């Protein structure tokens, strides 16, 4: 069986669309957010997610319903919940192995945000998949921050945390970008040459026809016109829509509402700047560490 | 003091050519072989007083070191260029000098033995304190110039000037300062490939750029943004032509290897084919607007040795490629203990398909240069500069 592809990034980094696009390749299988490595067992993952959501592990339930029954309905989602309940002691890797059996000889593409919430979680994944492919997906900290704030803090005030022991406080939305990518960078240094690749989401989405064949070459899969055409139709994914009541999401809600690629809009994704006041805090600018970090990725 | 043994011994660096005279506190900044002699241009060490010297010694056998030029206080030799005897002016060696009162270009005629200025300070504007590197293009001298020492502050402009061809001694701009990009704080590399002038910039904010002169006076950008590695490749630091391509080495931005910043990233080795563009020989695989770049040698940055900061010299002899990598300075190490193997030499016998580590230099590397006879390595040992030949 092929090794999976893990897309690593903080949330609001284009991961839903990028993961689905790659996952539509005939030799891949794009997954919704499974979030099955956040705990040591499936039961822990369920309980953890249950603290945030009335309906935990929605992406996993949609996956199981789709693979077991070929359709995502209230009834098949309930069956998936029962399947999970019977396997609370399973590890995330055991669940992935089960999914792999269902999809056959295709590369599983996972982009669960929970994979990068803590180095322990990421470490658990890397130890389980030491030969997997890892794609670091970047987005400018300003536009990611704006997207994050719009989604999570539309009205509430912002929290502040320390970016480093000696530094000045910075909004946590900025810290999330910095700390997550710092963790991913550290992993890159431990992996084999070429095992982790990095791409700026803006570059990829502006010119999918240029970069998707490169990603295919890296993954060792076909890059012919038919494969590319399939990748450019993320809306064909069974997960690129809202699911049944008990498992409606599993990806960015905006993407689920409108999954087709708007090539004209994507081609004109504007350049953001590291200069100037923060959109979510007019009294502050990006922390020097964030600026330095973003420069390393070519952001300005 | 007996030198430590070198391992592995694929490349011999046993031959100690000379130890430079102590007391000047100066470090080699540029080296060239010309008319049967090795010329070494020096610069004061960082934070030290002193001045530039040009030292000469017999090449390749070595022998007594003879000072042939003493520069003004605060000066530094930044580069050499040799004019062969086919020119009307006859063979001559030129040296570029950075100096507080305005940079200079010096000239030594064959057989004359001494260097003397042949330009006004700053090539006519004394504010141009930094001159260098130099190149000879179409029989005329081309010089990079800056108004501050490159990389010391960010206000230095990377001007490119060419001498007038009427013998008037005047200089004209060959490009916009920094090729129009204020992020280009210096020009670190000038070379001529098949009659075409190429200039590599230092750009700490975005990564180096490589520019190529066109026949119509326009410049074409051949490599941008540190070959899309951005600030991890801020400067081009070495090159070698051969087999129809130009090999390029990247590195940390600093006037000399001894001044490299602590956070310098391991360097890359690239190949530029004038017709098709650049390829990666050793470095970080990446997706780029020019396609998926995978290192041909399947070696990562610094050939996998992460504590490297610069490719100091590249030697190309047919299918044999030898690259000298300088270590991150000891000052960058938390406790200041020496890095085992302060410089390493990697060699390929198959035009860059595979590389093996050929030798490790036990002393911190100050400078290196590639000549037909081999590589010359200037290392610091016991407070003195020791010159070794790697063959």
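Residue numbers (my numbering), protein chains in the order written: chain A, 50 to 349; chain B, 45 to 435.
Cβ coordinates follow ideal geometry from the N, Cα and C atoms, glycine included.
Keep in mind it's a predicted model, so treat the numbers as computed, not measured.
- At the C-beta level, residue 195 of chain A and residue 68 of chain A stay beyond 9 Å of one another.
- Counting C-beta pairs with one atom in each stretch, the region 89–99 of chain A and the region 266–285 of chain A have fewer than three that are closer than 8 Å, which means they do not touch.
- A straight line joining the alpha-carbon of residue 335 of chain B with that of residue 267 of chain A spans about 11 Å.
- Between residue 93 of chain B and the set B:220, B:183 and B:117, the nearest pair of CA atoms involves B:117.
- Taking C-beta separations shorter than 7 Å and ignoring five residues to either side along the sequence, the partners of residue 318 of chain A in its chain run 251, 254 and 255, following chain order.
- Those residues of the region 325–336 of chain B placed with their C-beta closer than 9 Å to a C-beta in chain A are 328, 329, 330, 331, 332, 333, 335 and 336, ordered along the chain.
- C-alpha of residue 79 of chain A to C-alpha of residue 158 of chain A: approximately 5 Å in a straight line.
- Taking 9 Å as the cut-off, the beta carbon of residue 74 of chain B is found closer than this to the beta carbon of residue 124 of chain B.
- With contacts defined by Cβ atoms closer than 9 Å, residue 366 of chain B and residue 414 of chain B form a contacting pair.
- Below the 8 Å Cβ cutoff, chain B contributes no neighbours of residue 188 of chain A, its closest Cβ being approximately 15 Å away.
- Contact between residue 52 of chain A and residue 182 of chain A holds, with the beta-carbon distance rounding to 6 Å and staying under 8 Å.
- The Cβ neighbour count for residue 73 of chain A, taken over all protein chains shown within 10 Å, is at least 16; the residue is labelled buried.
- Residues of chain A with a Cβ closer than 8 Å to the Cβ of residue 342 of chain B are, in chain order, 242.
- At a cut-off of 9 Å between C-beta atoms, residue 250 of chain B counts as an interface residue with respect to chain A.
- If you compare the alpha carbons of A:243, A:148, A:151 and A:190 with that of residue 184 of chain A, the shortest gap goes to A:243.
- One Cα belongs to residue 85 of chain A, the other to residue 293 of chain A, and the distance between them is close to 20 Å.
- Pairing residue 134 of chain B with residue 152 of chain B gives a Cβ-Cβ distance that is not under 9 Å.
- Checking the DSSP bridge columns, you'll see residue 149 of chain A has no partner listed.
- Residue 152 of chain A sits away from residue 233 of chain A, with the two beta carbons spaced by 9 Å or more.
- Beyond the five residues adjoining it in sequence on each side, residue 395 of chain B comes within less than 6 Å, by CB distance, of 363 in the same chain, given in chain order.
- Only buried fits residue 246 of chain A, as 16 or more other CB atoms lie within 10 angstroms of its CB.
- Between residue 186 of chain A and residue 64 of chain A, the CB-CB gap stays under 9 Å.
- Burial state of residue 173 of chain B is buried, judged by a 10 Å Cβ sphere holding 16 or more other Cβ atoms.
- For residue 339 of chain B, the nearest CB of chain A lies under 9 Å from its own CB, placing it at the interface with that chain.
- The C-alpha of residue 148 of chain A is placed about 8 Å away from the C-alpha of residue 116 of chain A.
- Closer than 9 Å to the CB of residue 225 of chain B there is not a single CB belonging to chain A.
- For residue 231 of chain A, the secondary structure class from DSSP, reduced to helix, strand or coil, is helix.
- Here residue 145 of chain B is not near residue 214 of chain B, since their CB atoms are 9 Å or more apart.
- Using a Cβ-Cβ cut-off of 7 Å, residue 275 of chain B is close to 344 and 345 of chain A, given in chain order.
- Close to chain A, meaning a Cβ-Cβ distance shorter than 8 Å, are the following residues of the region 267–293 of chain B: 269, 272, 274, 275 and 276.
- The continuous alpha helix (DSSP H) containing residue 341 of chain A extends over residues 337–345.
- Sixteen is the threshold: when 16 or more other Cβ atoms of the shown chains lie within 10 Å of the Cβ of residue 121 of chain A, as they do, the residue is buried.
- In this structure, residue 389 of chain B places its C-beta atom within 9 Å of the C-beta atom of residue 402 of chain B.
- Under the 9 Å criterion on CB atoms, residue 267 of chain A is classed as interfacial with respect to chain B.
- In the DSSP secondary-structure assignment, residue 314 of chain A is not bridged to any residue.
- In this structure, residue 165 of chain B lies near residue 143 of chain B, with their beta-carbon atoms less than 9 Å apart.
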